[in-house]
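In order, the protein sequences belong to chains A and B. Under the UniProt record's numbering, the first residue of the first sequence is numbered 1, with each subsequent residue one higher. Under the UniProt record's numbering, the first residue of the second sequence is numbered 1, with each subsequent residue one higher.
There are 2 protein chains.
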Amino acid sequence: MTYRSPVTDIRFILDHVVPLAPVAETEMFAEATPDMVEAILTEGGKLCDEVIAPTNRDGDLTPAKLENGVVRSPAGFKEAFAALAEGGWIGIAASPEHGGMGLPQALNVGFNDMLSGANLSLQLNPLLTQGQIEALEHHASDEIKALYLPKLISGEWSGTMNLTEPGAGSDVGALKTKAVPNDDGTYAISGQKIYITWGDNDCVSNVCHLVLARLPDAAPGTKGISLFMVPKLIPDDAGKPGVANSLKVVSLEHKLGIHGSPTCVMSYEGATGWLVGEENKGMAAMFTMMNNARLNVGAQGIGVAEAAYQQALAYAKDRVQFAPIVEHADVRRMLAGMKAEIFAARSIALACGVAIDMGRATNDANWQARAALLTPIAKAYGTDMGIRVASTGVQVHGGMGFIEETGAAQYLRDVRITTIYEGTNGIQAMDLVGRKMMDEGKAAFRLLQEIEDEAQGAREAFPVLAEDVWQAAEELREHTEWMVSQGMQDRFAGAVPYLDAFARVLGGYYHLRAAMAEGRDSARGHLAAVYIRRLMPAYAASLAEAKEGAEGLYALSVEDLEA
Amino acid sequence: MTYRSPVTDIRFILDHVVPLAPVAETEMFAEATPDMVEAILTEGGKLCDEVIAPTNRDGDLTPAKLENGVVRSPAGFKEAFAALAEGGWIGIAASPEHGGMGLPQALNVGFNDMLSGANLSLQLNPLLTQGQIEALEHHASDEIKALYLPKLISGEWSGTMNLTEPGAGSDVGALKTKAVPNDDGTYAISGQKIYITWGDNDCVSNVCHLVLARLPDAAPGTKGISLFMVPKLIPDDAGKPGVANSLKVVSLEHKLGIHGSPTCVMSYEGATGWLVGEENKGMAAMFTMMNNARLNVGAQGIGVAEAAYQQALAYAKDRVQFAPIVEHADVRRMLAGMKAEIFAARSIALACGVAIDMGRATNDANWQARAALLTPIAKAYGTDMGIRVASTGVQVHGGMGFIEETGAAQYLRDVRITTIYEGTNGIQAMDLVGRKMMDEGKAAFRLLQEIEDEAQGAREAFPVLAEDVWQAAEELREHTEWMVSQGMQDRFAGAVPYLDAFARVLGGYYHLRAAMAEGRDSARGHLAAVYIRRLMPAYAASLAEAKEGAEGLYALSVEDLEA
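Below you can see the structure in the form of structure tokens.
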């Protein structure tokens, strides 16, 4: 199977569906001209297709290994990572001040989408580094910035996020890792962290750990958490990797998928750390890291779905049962559905990227609220969709899909983690109906109004599709009005289906925009009809579930669940 | 995790939801008294819990191996299989004439459900043997019956089904394996077969292959296919395994899941075979095998879902994040949904079993049509649901779910095959809207009428739930009326969502019956509300998709799909 990066679709979406043009009109992103966008996506796509994608199976077949305390990457990863680093791809969205390209996040999302389709395991390495770069840009001292950012942006060093501990997952505030002040202004970090992605690797000359830890006598919970930079090798006076810090990789996890990505159990034993941001304000910095990562995890789901789709389509064209199976109605249904869902999720993720860029460049609170609203949707829908599409990809292959050599199953195994990490999709949904509705739904209503207005304007050209989208947005608006008057428990009980409904309405909206750009009898017009008529209607069932609230769930006691 | 067979739920369903009582009133199944049912399920459950389930992880960790042409089962499988065989469990539904228990298929379905939850890989061994037993009972000569049936039923020997070839999957008629008549009435079988489940094993002293092959000058397609018994070791005059036949296991597949079950590539090189049934009538015998297997593959999905659910619930009670996560609304939603879906699918499968038994015992055409109608629904919904629930099981575990040692991921990997084999779920759905609607929907309408009548009667006790079920059945009836007037291409394009809608309405109906039996404030009443109010409503979206027909799918050309 030859993976081909979805350059055309990403370009089309940024041109017509969620236009990047207003971003390029800002001073901050003036360099993001159409020519630059074209060059970035084309060159990035080429790298993904020719250099990165060929390493994907190797990552699965020869997983990362821990040898004498050092992680060995799978065959080919070192070279592929070097190509990524040399091209400056890690720092697409990083500040030019320290060597980044300073381009819009929307382009970074597009690149992460393509890179995830090429090799999800490898993509995780720069993804975590990107989160760290953003956290340092916002919260670190000038000294730390000057020392670490150029190396992280160039890919000389890589970054990790150390949040989770055995007893502290979603409840980050329960973490126990300790930070004790040393006399020289540094801190001694001690504790165990788990699920540390790319916690060590031989693609880079140093690994920089951002570690959440607790100062002596810090307040309990999230208010007593501070963030520290804890490098594997302590930089010497010249900024070169020096003596080894007191930390180690204890073991690698044996996982369902992303075998190429080493998931480490880390032990810190009085390791030297430098405070990032203020004492006890670690959560704010963590959210900076995670916000970037959440959107780009959404892009992971989309990228893997794209690769799974391409492979399923190639197989369906090739495989003859009576006729090439792509001609069978049910296979056609599966493939068209996959393509339509990918387009919807990709549009949502890029819309979120554009909103982030507009929020940063203009400081407009509405854009910032739009970005905040779209982030959990982009993450959860992109990854839920990724699992659905990868599973359908297996199904299209029939028996061959269950055979590992085919590669279809790897996509399913790999993408399965994406609904879990960077905050489970349940957490994303609770963020949507909770924090993101603290404005009483204002940001949501603004977006829904925009959808209704657009659908209104599209009625003449697309009487059926426009009416469907308008109606769906209207029902979602009504539901949202009802929801913001409910207590948190009832919101939370319906959070996941509510998010799904929101995403489907958005997907229908963006498909409608695509159809408007290309016309009714275009391929995009037909694909829009597939989405709006066949896949979007599930929003109603999701809203029905969301409206049930919590009571019925708790009517079943734990004993009832066990019976 | 300690697996506990769902004896209580199966008993309850057979008592109150899809009563076995009418079956026990027939002469054929007079032995299936309540005491016998109790004894069978309790003893079967005990065997599954204590002897079979403890081998499940070993099957995954130490897969079946091919050593010098012989398959070695995983650790513990031989002993577990011996216990199954000794208890007579392989022949629960087999004719007493050759040593079977002659009990209803409904009980066999219940047992297969429990056994699949305990160890899916191992369950496949007797499952295939059961299909072979049924094929021989219906189609083989008395000589073959006398020789093979007692050994298959006792578990001394095991059976396989050899249909698929590299170019002939869903298109069985494309197969190329040859059968050339020998002078002594036997046939020389030559060809390659793939995906042969338990194609060899060391749990038994002989492996009996039922092989589809083509006589010289046979008609092309399915009309030129005959069925042959091709034993691994040719029985001597005393019926003992004698000289080796000219067949071999070429290799084992490397699969996503069911690692404990050897999936063989088989090569027949002029192997001696005996005709089963008439020349060129092999497809009929194959359908006998497959019909049994299809329903019991549905039971596989249900059993694995049960095991995944139990493990997720145990984890959710134990894992504390703020509070035990079972107390979080979204986790509660996931668990309640899993339990409700399992109950729905289990009821459908047992209803199908009861219909098969009634059809056999009474020869009533309505019961037979009911069985035929429910078989593809039981298979497809049981297995689709199995994947959904196993995937949700992973999600409930959070990051732990992605770690292989947890075991949650194994359920997802194992169950993923069930929507593919014994006819993909797409094929099941086409069977439903095609062959099973050749009566212009009569069997479906009879069932829907029954649902509407029951719902009508339940309105007083359950005003909301009964109305929901009535309404859903009514919409399904209207859709079915419309559908039977459509051509096959349009039916096929909507077959999968139509089947899903049908299953959800049935699920709602059976939940309503359960609620009626126990009352509104009972655990089953609450669970019924979860299903009917939260999960059943997706039927409407499925019907909307089904109603779109084929046109919109083909409006997207293959080139459009590639763009």
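Ideal Cβ placement from N, Cα and C applies to all residues, glycine included. As the structure is a prediction and not an experimental result, all values here were calculated from the model.
Any Cβ of chain B closer than 8 angstroms to the Cβ of Gln395 (chain A) would place that residue at the interface, and such an atom is present. Separation of the CB atoms of Ala546 (chain B) and Gly494 (chain B) is rounded to 3 angstroms, and the pair is thereby assigned contact status at 8 angstroms. In this structure, Thr418 (chain B) sits near Gln300 (chain B), with a CB-CB distance shorter than 8 angstroms. Looking at the DSSP output, Val394 (chain A) shares a beta bridge with no other residue. The stretch 178 to 186 of chain B and the stretch 43 to 54 of chain B do not touch, with fewer than three beta-carbon pairs separated by less than 8 angstroms.
Tyr411 (chain B) has its alpha-carbon roughly 8 angstroms from the corresponding atom of Gly257 (chain B). Just so you know, the alpha carbons of Ser522 (chain B) and Leu465 (chain B) end up roughly 14 angstroms apart.
Here the C-alpha atom of Ala64 (chain B) lies approximately 5 angstroms from the C-alpha atom of Ser73 (chain B). Residues of the stretch 364 to 392 of chain A that bring their beta carbon within less than 8 angstroms of a beta carbon in chain B comprise Ile387 and Ser391, in sequence order. Annotation for Ala503 (chain B): Ile377 and Tyr381 place their beta carbon closer than 6 angstroms to its own, counting only its chain and skipping 5 residues before and after. Around the beta carbon of Ala329 (chain A), 16 or more other beta carbons lie within 10 angstroms, which makes this residue buried.
In this structure, the beta-carbon distance from Ala517 (chain A) to Leu543 (chain A) does not fall below 8 angstroms.
Per DSSP, Pro463 (chain B) has no beta bridge partner at all. For Met430 (chain A), the C-beta contacts it makes with chain B under 8 angstroms involve Asp330, in order along the chain. About 28 angstroms separates the beta carbon of Leu233 (chain A) from that of Ala218 (chain A), a gap too long to meet the 8 angstroms contact definition. Judged by DSSP secondary structure, Ser347 (chain A) falls outside any beta strand (DSSP E) and instead within the alpha helix (DSSP H) spanning Ala329 to Thr362.
Sequence-distant partners of Gln456 (chain A) (beyond 5 residues in either direction) whose C-beta falls short of 7 angstroms from its own C-beta, in its chain, are Trp470. The criterion of a C-beta distance shorter than 8 angstroms is satisfied by Val530 (chain B) and Ala340 (chain B). DSSP links Arg294 (chain B) through a beta bridge to no other residue. Going by DSSP, Phe12 (chain A) is part of the alpha helix (DSSP H) stretching over Val7 to Phe12.
Residue state for Lys255 (chain A) is assigned as strand, using DSSP reduced to three classes. DSSP places Trp367 (chain B) within a helical segment (H, G or I) once states are collapsed to three. Ala85 (chain B) sits away from Ile133 (chain B), with the two beta carbons spaced by 8 angstroms or more.
The Cβ of Glu306 (chain B) sits no closer than 8 angstroms to any Cβ of chain A. Using beta-carbon distances, Arg346 (chain A) does not count as an interface residue toward chain B, since no partner is under 8 angstroms.
Bridge pairing for Pro235 (chain B): B:Pro241 [DSSP]. Contacts with chain A at 8 angstroms (Cβ-Cβ) include Phe492 (chain B).
Assigned with DSSP and collapsed to three states, Met289 (chain A) falls in helix. For Ala540 (chain A), the neighbours in chain B by C-beta distance under 8 angstroms run, in chain order, Pro537, Ala540 and Ala541. Neighbourhood of Glu478 (chain B) in chain A, by CB distance below 9 angstroms: empty, with the nearest CB roughly 16 angstroms away. Look at Tyr421 (chain B) here: in three-state DSSP terms it is coil, with no helix or strand label. Identification of chain B residues near Ser485 (chain A) by a Cβ-Cβ cut-off of 8 angstroms yields none; the smallest Cβ-Cβ distance measures about 17 angstroms. In the three-state scheme derived from DSSP, where H, G and I count as helix and E and B as strand, Glu269 (chain B) is classed as strand.
The stretch 359 to 379 of chain B makes no contact with the stretch 275 to 283 of chain B; the number of CB pairs closer than 8 angstroms stays below 3.
For the stretch 168 to 184 of chain B, the set of positions with a beta-carbon nearer than 9 angstroms to some beta-carbon of chain A reads Ala168, Gly169, Ser170, Asp171, Gly173 and Ala174 in chain order. The closest CA to that of Glu481 (chain B), considering only B:Ala443, B:Leu115, B:Pro6 and B:Glu143, is found on B:Ala443.
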